[in-house]
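Mind the numbering: the sequence shown is residues 26 to 305 in this note's numbering, read in order. Glycine included, every Cβ here is placed at the ideal spot set by N, Cα and C. For reference, the structure is listed below as structure tokens.
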Amino acid sequence: GLDEARSDAVDANEAKSAFLANMSHELPTPLNAIIGYAELLEEDLEDMGIGDGLKDLSKIRSAGSHLLALINDILDLSRIEAGRLDLFFESVSVGAFVRDVIELTMPMVEHNKNIFVLAVPEDRDLGEIWADPTRLRQALSNLLSNAAKFTTGGSIHLTVRRTASAPDSSHPGIDRARPAWVYFEVKDTGVGMSEDALAGLFQPFARGDIETQRKFKGTGLGLVISRRLCRLMGGDILVESAVGEGSTFTIHLPIHESAEAASSVSRQMMQLDSSDIYKR
Numbered sequence: 026g027l028d029e030a031r032s033d034a035v036d037a038n039e040a041k042s043a044f045l046a047n048m049s050h051e052l053p054t055p056l057n058a059i060i061g062y063a064e065l066l067e068e069d070l071e072d073m074g075i076g077d078g079l080k081d082l083s084k085i086r087s088a089g090s091h092l093l094a095l096i097n098d099i100l101d102l103s104r105i106e107a108g109r110l111d112l113f114f115e116s117v118s119v120g121a122f123v124r125d126v127i128e129l130t131m132p133m134v135e136h137n138k139n140i141f142v143l144a145v146p147e148d149r150d151l152g153e154i155w156a157d158p159t160r161l162r163q164a165l166s167n168l169l170s171n172a173a174k175f176t177t178g179g180s181i182h183l184t185v186r187r188t189a190s191a192p193d194s195s196h197p198g199i200d201r202a203r204p205a206w207v208y209f210e211v212k213d214t215g216v217g218m219s220e221d222a223l224a225g226l227f228q229p230f231a232r233g234d235i236e237t238q239r240k241f242k243g244t245g246l247g248l249v250i251s252r253r254l255c256r257l258m259g260g261d262i263l264v265e266s267a268v269g270e271g272s273t274f275t276i277h278l279p280i281h282e283s284a285e286a287a288s289s290v291s292r293q294m295m296q297l298d299s300s301d302i303y304k305r
């Protein structure tokens, strides 16, 4: 009956996620070797003053790096769905973290002749949070690079602030009793999104429209993964957008008092997120 079909679908989804999670070490290894050898050959040719072949090697390296990014997206999502993504919490200085992310993403932000506007209070006002800095950097960098892709000759604003207000999120993992939160708001003046596009925005393998898919290569999983990561850290990503009016994405994270508390929240979020996935 319906229950049996549902159970079979859940089992198949879990098996798929487990398989992909197990492949997480197998797929990137040979690809990293290809990229690494292409880089070594480039350096050797440059040292010998040989220009022939450099352009082709650069294309191999670039294509390999692009493929590796796509594979990493798929593997990240599969590990999250299988409940196998480990987060490594540590004390993160919000001010220093934001500076690192900006340095990393600034070339992309300015690529389409955009103006970057930063609104961040003094470091002492932001303080520190318990989070996985690598995964938080992945999420915020994704929001900034997305804003850069969809904005040309406009502006991209990053606003960071502390607040006592919990996000207006329907996710059951949000602990509204938390006394303090950090918001990372990325606002652009880009093309914006329709209500239909917004509805499927955080669904795996759903892209805005065919034209967008052709223009911006990728898995379309960046936002999906970013939201899942933030939810695993006890927070969320919310979005506001309208066609022709740009978009605003905001990461909301709770300020934890200890690493133990953050790790406990992470385990709870992993269980919530996995069950939420299989319900769909």
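**Study point:** CA-to-CA distance, Leu92 to Tyr208, given in whole angstroms
**Key:** If I take the Cα positions, the gap works out to 32 Å.
Check your understanding: Taking the continuous beta strand (DSSP E) assigned at Thr130, which residues delimit it?
Key -> Element bounds for Thr130: not the beta strand (DSSP E) but the alpha helix (DSSP H), Val119 to His136.
Exercise for review: Taking only beta-carbon positions, decide if Asp125 is within less than 8 Å of chain C.
Suggested key: Any reference to chain C falls outside this structure, which holds one protein chain only.
Practice item. Give me the Cα-Cα distance between Ser251 and His281, rounded to the nearest whole angstrom. Key: The alpha-carbon atoms of Ser251 and His281 are separated by roughly 20 Å.
Exercise for review: Look at the Cβ atom of Arg162, then the Cβ atom of Asp101, and state whether they are nearer than 8 Å.
Suggested key: No. Outside cutoff.
Point to revise | Under the three-state DSSP convention, the category Phe44 falls into | key: Phe44 falls in the helix class under three-state DSSP.
**Study point:** Where Val211 falls: helix, strand or coil (DSSP)
**Key:** Strand at Val211.
Check your understanding: In or out: Val35 buried (at least 16 other Cβ within 10 Å) or exposed?
Key -> Exposed, by the Cβ-count rule.
Practice item. With distances taken Cα to Cα, identify the nearest neighbour of Ala224 among Ser266, Asn137 and Ala164. Key: Of the candidates Ser266, Asn137 and Ala164, the one whose C-alpha sits nearest the C-alpha of Ala224 is Ser266.
Check your understanding: Under the rule that 16 or more other beta-carbon atoms within 10 Å means buried, what is His196, buried or exposed?
Key -> Under this definition His196 is a buried residue.
Review point. Between Val185 and Val145, what straight-line distance do the alpha-carbon atoms span, to the nearest angstrom?
Key: When rounded, the distance between both Cα atoms is 5 Å.
Exercise for review: Report yes if the CB atom of Leu226 is closer than 8 Å to the CB atom of Leu246, and no otherwise.
Suggested key: Between Leu226 and Leu246, the C-beta spacing is not below 8 Å.
Review point. In terms of residue numbering, what span does the alpha helix (DSSP H) encompassing Ala88 cover?
Key: Taken as a continuous stretch (DSSP letters only), the alpha helix (DSSP H) holding Ala88 covers Leu79 to Glu106.
Practice item. Starting from Glu265, trace the beta strand (DSSP E) both ways and give me its first and last residue. Key: Note, Glu265: beta strand (DSSP E), Asp261 to Ser266.
Point to revise | beta strand (DSSP E) segment containing Ala156, residue limits | key: Annotation for Ala156: the continuous beta strand (DSSP E) segment containing it runs Glu153 to Ala156.
Check your understanding: What does Pro279 pair with, by DSSP beta-bridge criteria?
Key -> Answer is Trp206.
Point to revise | Cβ neighbour criterion (16 or more within 10 Å) applied to Glu115 | key: Exposed is the call here.
Check your understanding: Out of curiosity, what's the CA-to-CA distance linking Leu65 and Ser83?
Key -> When rounded, the distance between both Cα atoms is 11 Å.
Exercise for review: With DSSP as the reference, label Ile181 as helix, strand or coil.
Suggested key: Note: Ile181 maps to strand in three-state DSSP.
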